[in-house]
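Below is one structure, written out as structure tokens; comments come after it.
2 protein chains.
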Amino acid sequence: MTTGNEGKVTLVSAGPGDLDLLTLKAVKVLASADVVLLDDLANPEIVTLAPQARVIRVGKRGGCRSTPQAFIERLMQRYARRGLHVVRVKGGDALLFGRAGEELAALRNAGVTVEIVNGVSSAFAAAAGLGVSLTHRDHCQGVIFVTAHLRDHSEPDWQALAATGMTLAIYMGMSRIESLCATLAGTLPTTTPAAVVQWAGSANERRVAGTLGTIAAHASAAGLGSPAIILVGNAIAESASFGMHPHDKEIEAQRLSA
Amino acid sequence: MTTGNEGKVTLVSAGPGDLDLLTLKAVKVLASADVVLLDDLANPEIVTLAPQARVIRVGKRGGCRSTPQAFIERLMQRYARRGLHVVRVKGGDALLFGRAGEELAALRNAGVTVEIVNGVSSAFAAAAGLGVSLTHRDHCQGVIFVTAHLRDHSEPDWQALAATGMTLAIYMGMSRIESLCATLAGTLPTTTPAAVVQWAGSANERRVAGTLGTIAAHASAAGLGSPAIILVGNAIAESASFGMHPHDKEIEAQRLSA
Numbered sequence: 001m002t003t004g005n006e007g008k009v010t011l012v013s014a015g016p017g018d019l020d021l022l023t024l025k026a027v028k029v030l031a032s033a034d035v036v037l038l039d040d041l042a043n044p045e046i047v048t049l050a051p052q053a054r055v056i057r058v059g060k061r062g063g064c065r066s067t068p069q070a071f072i073e074r075l076m077q078r079y080a081r082r083g084l085h086v087v088r089v090k091g092g093d094a095l096l097f098g099r100a101g102e103e104l105a106a107l108r109n110a111g112v113t114v115e116i117v118n119g120v121s122s123a124f125a126a127a128a129g130l131g132v133s134l135t136h137r138d139h140c141q142g143v144i145f146v147t148a149h150l151r152d153h154s155e156p157d158w159q160a161l162a163a164t165g166m167t168l169a170i171y172m173g174m175s176r177i178e179s180l181c182a183t184l185a186g187t188l189p190t191t192t193p194a195a196v197v198q199w200a201g202s203a204n205e206r207r208v209a210g211t212l213g214t215i216a217a218h219a220s221a222a223g224l225g226s227p228a229i230i231l232v233g234n235a236i237a238e239s240a241s242f243g244m245h246p247h248d249k250e251i252e253a254q255r256l257s258a
Numbered sequence: 001m002t003t004g005n006e007g008k009v010t011l012v013s014a015g016p017g018d019l020d021l022l023t024l025k026a027v028k029v030l031a032s033a034d035v036v037l038l039d040d041l042a043n044p045e046i047v048t049l050a051p052q053a054r055v056i057r058v059g060k061r062g063g064c065r066s067t068p069q070a071f072i073e074r075l076m077q078r079y080a081r082r083g084l085h086v087v088r089v090k091g092g093d094a095l096l097f098g099r100a101g102e103e104l105a106a107l108r109n110a111g112v113t114v115e116i117v118n119g120v121s122s123a124f125a126a127a128a129g130l131g132v133s134l135t136h137r138d139h140c141q142g143v144i145f146v147t148a149h150l151r152d153h154s155e156p157d158w159q160a161l162a163a164t165g166m167t168l169a170i171y172m173g174m175s176r177i178e179s180l181c182a183t184l185a186g187t188l189p190t191t192t193p194a195a196v197v198q199w200a201g202s203a204n205e206r207r208v209a210g211t212l213g214t215i216a217a218h219a220s221a222a223g224l225g226s227p228a229i230i231l232v233g234n235a236i237a238e239s240a241s242f243g244m245h246p247h248d249k250e251i252e253a254q255r256l257s258a
């Protein structure tokens, strides 16, 4: 859908941080980038893979409006119309909680060709760090990826989500971890396994494990903040006593005494 | 946790099919594999990345017991105990619906070191193929990854899942797509956007789009079967009229007349 030039935009998923978790396709696309628009949550070292590209940082962490969305969209259009290959780098997988829907719509309405390169979303990296599967056929039928940070500052219906019995992978929930765990505990036992993984899948990864009743305090004691994934559900405990932090022992003790 | 030798098992996520969607880390791990245990759902060409490894196919598609789980677990232990690097390749991301939890537990109980390499899960590739985001802040707070294929042959509580208002990414649902869409339509409008993507993220990818009321018939008419992802939710329609199949026009027409 280009209109007379070769410009295009590729949305590239930067994965959780570690450059080794980029896909081969992402690396190829970056190598051919003329312009890179870099998200705050992506590892800044990713630009070393696009040495010839002009790099523009368009961070927008935690709802702050350091770079307005409309400006980012106009910037992509402008460069693509000049015939350039614009690579828009987003942390995790670009198609989850990244406002990719809005960017795709804006670019297409402007007649700009868009391609998408998938990646590893942070919750998968969090589970890998903990050494657990997000699902376990003994415990649940699936996993819910939910953001605690809603546009209208309302809350997801935590109790309805908890009632599904699925693993919960909560993005952007650290600022309200105490209240959301308390709300979930209205439906789930306070002994339900839970974990927090900050900077999952990166060199700075830090994690604590516990239960719905203890995880907020553990995370606070360990000084964990955003960006982090909160995982809740029985599947999370399956292997949690292995190769992890001291807090993990708690889960194992609870499992053994259950 | 090795006991006197250097053997280990790495669970490697093969991604949705296209080898370009492997992570750099997966490629490195495969290059150092002595033994590769290959899942049915992984692209068989992945073995070209482990040219020196002994390859064992341990397919187990759709609940058939062609290779019993316990046998796979014993096989991994045996080779790891010989000091070999065993790479267990699973389609998509190994930590979603892959029985990784059971394999991790069995290996750890046996004292075998296990590592995990993440990848791209099929639902992300399905969304990329459709050119849509799995979430859209105007439409939903998240996405539910659910399997229709349960251990006890029961069904997930489709109506409760639908009531959350989240995007549904349904794995292993093709054998019952008609009944599950009908059940979802008990809670969601039949005009809710829906799509089916078979072999998402591979060279054989095929897709149809429509609504909850029409998608089962579209998929059947197009001859789409397993393995496929069924996506349901308003976020799915955001860009669905772009670069897709004739069926897609239907969604756009409905959006315009809505």
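Chains A and B, in that order, give the protein sequences.
Per this note's numbering, the first sequence starts with residue 1, numbered consecutively.
Per this note's numbering, the second sequence starts with residue 1, numbered consecutively.
Backbone N, C-alpha and C fix where the C-beta goes; we use that ideal spot for every residue, glycine too.
request  = Could you check the C-alpha separation between B/LEU161 and A/SER154 for me, to the nearest Å?
outcome  = 20 angstroms
request  = Could you tell me if B/GLU45 is buried or exposed, where buried requires 16 or more neighbouring beta carbons within 10 angstroms of its beta carbon?
outcome  = exposed
Cross-chain neighbours of A/GLN141 in chain B, by beta carbon under 7 angstroms = Here the neighbours are VAL146, THR147, LEU150 and PRO156.
task = Using only alpha-carbon positions, find the residue among A/GLN159, A/GLY186 and A/ASN234 that is nearest to A/ALA195.
result = When each option's Cα is compared against that of A/ALA195, the closest is A/ASN234.
key: Contacts around A/ASP20, its chain only, beta-carbon distance under 6 angstroms, and the 5 residues preceding and following it disregarded   = Within the same chain, no residue comes within 6 angstroms of A/ASP20 by CB-CB distance, once the 5 residues on both sides are set aside.
ask   = Touching or not, the region 86 to 101 of chain B and the region 114 to 125 of chain A, by the rule of three or more beta carbon pairs under 8 angstroms?
value = Of all C-beta pairs linking the region 86 to 101 of chain B to the region 114 to 125 of chain A, three or more are shorter than 8 angstroms, placing the two stretches in contact.
inquiry  = Relative to the C-alpha of A/LEU107, which candidate in A/LEU134, A/GLY129 and A/TYR79 has its C-alpha closest?
reply    = A/TYR79
inquiry  = Using beta carbons (cut-off 8 angstroms, strictly below), is B/VAL120 in contact with chain A?
reply    = yes
task = For the region 64 to 145 of chain A, list the beta strand (DSSP E) runs that are entirely contained and at least 3 residues long, ordered along the chain.
result = The DSSP assignment places 85 to 90 and 114 to 117 as complete runs of the beta strand (DSSP E) inside the region 64 to 145 of chain A, in order along the chain (cut-off: 3 residues).
query = Taking buried to mean at least 16 other C-beta atoms within 10 Å of its own C-beta, is A/ASN118 buried or exposed?
reply = buried
inquiry  = Bridge partners for A/GLN198 per DSSP, in chain order?
reply    = A/ARG206 and A/ALA228
query = At a CB-CB cut-off below 8 angstroms, which residues of chain B make contact with A/THR214?
reply = Chain B residues near A/THR214: none, gap ~22 angstroms exceeds 8 angstroms.
ask   = From the beta carbon of A/GLY233, is the nearest beta carbon of chain B less than 8 angstroms away?
value = no
query = B/ILE56 CB to nearest chain A CB: under 8 angstroms?
reply = no
task = Can you say whether B/GLU6 is buried or exposed, counting buried as having 16 or more other CB atoms within 10 angstroms of its CB?
result = Exposed is the call here.
ask   = What number of angstroms, rounded off, separates the C-alpha of B/PHE145 from the C-alpha of B/LEU231?
value = Near 10 angstroms, if we compare the C-alpha coordinates of B/LEU231 and B/PHE145.
task = State the CB to CB distance for the pair B/ASP39 and B/VAL89, rounded to an integer number of angstroms; the pair is presumed to be in contact (CB under 8 angstroms).
result = 6 angstroms
ask   = A/LEU184 to B/GLN77, Cα distance in whole Å?
value = Going by the C-alpha atoms only, they are around 39 angstroms apart.
ask   = Hey, out of B/LEU37, B/VAL47 and B/GLY129, whose CA is closest to B/GLY59's CA?
value = B/LEU37
Alpha helix (DSSP H) segment containing A/SER179, residue limits = Counting along the chain, the alpha helix (DSSP H) containing A/SER179 begins and ends at 177 to 184.
ask   = Do the region 191 to 205 of chain B and the region 216 to 227 of chain B touch if we need at least three Cβ pairs shorter than 8 angstroms?
value = yes
is_contact[B/GLY62, chain A] using C-beta, thresh 8 angstroms = For B/GLY62, the pLDDT reaches just 49, beneath the cut-off of 50, and the residue's location in the model is therefore unreliable, leaving the point undetermined.
ask   = By Cβ distance, which residues of its chain are closer than 7 angstroms to B/SER202, with the 5 residues on each side in sequence left out?
value = PRO16, GLY17, ASP18 and ASN43
key: Own chain residues within Cβ distance below 6 angstroms of B/VAL12, not counting five before or after   = ALA26, VAL29, VAL87, VAL89 and VAL117
Chain-ordered neighbours of B/ARG88 on chain A, where CB pairs are closer than 7 angstroms = None at all; the shortest Cβ gap to chain A is about 13 angstroms.
message = On the CB-based measure, 16 or more other CB atoms within 10 Å of its CB, does A/ALA128 come out buried or exposed?
response = buried
query = Residues of chain B with a CB under 7 angstroms from the CB of A/ARG99: which are they?
reply = In chain order: ARG137.
key: Contact set between the region 104 to 129 of chain A and chain B, restricted to residues whose Cβ is under 8 angstroms from the partner   = LEU104, ALA105, ARG108, VAL114, ILE116, VAL117, ASN118, GLY119, VAL120, SER121, PHE124, ALA125, ALA127 and ALA128
task = Just mark A/SER133 as buried or exposed, buried being the case when its beta carbon has 16 or more other beta carbons within 10 Å.
result = buried
query = What residues of chain B sit near A/MET172, judged by a beta carbon separation below 9 angstroms?
reply = Ordered by position in chain B, no residue passes the 9 angstroms Cβ test against A/MET172, which lies about 11 angstroms from the chain.
ask   = Measuring CA to CA, which of B/ILE236, B/ILE177, B/TYR171 and B/GLY186 is closest to B/TRP199?
value = If we check each option's Cα against that of B/TRP199, B/TYR171 comes out closest.
inquiry  = Quick check: does the Cβ of B/ARG82 come within less than 7 angstroms of any heavy atom belonging to the ligand SAH?
reply    = What this structure holds is no ligand at all, so the ligand SAH is not there to describe.
query = Helix, strand or coil: which one does DSSP assign to B/ALA42?
reply = coil
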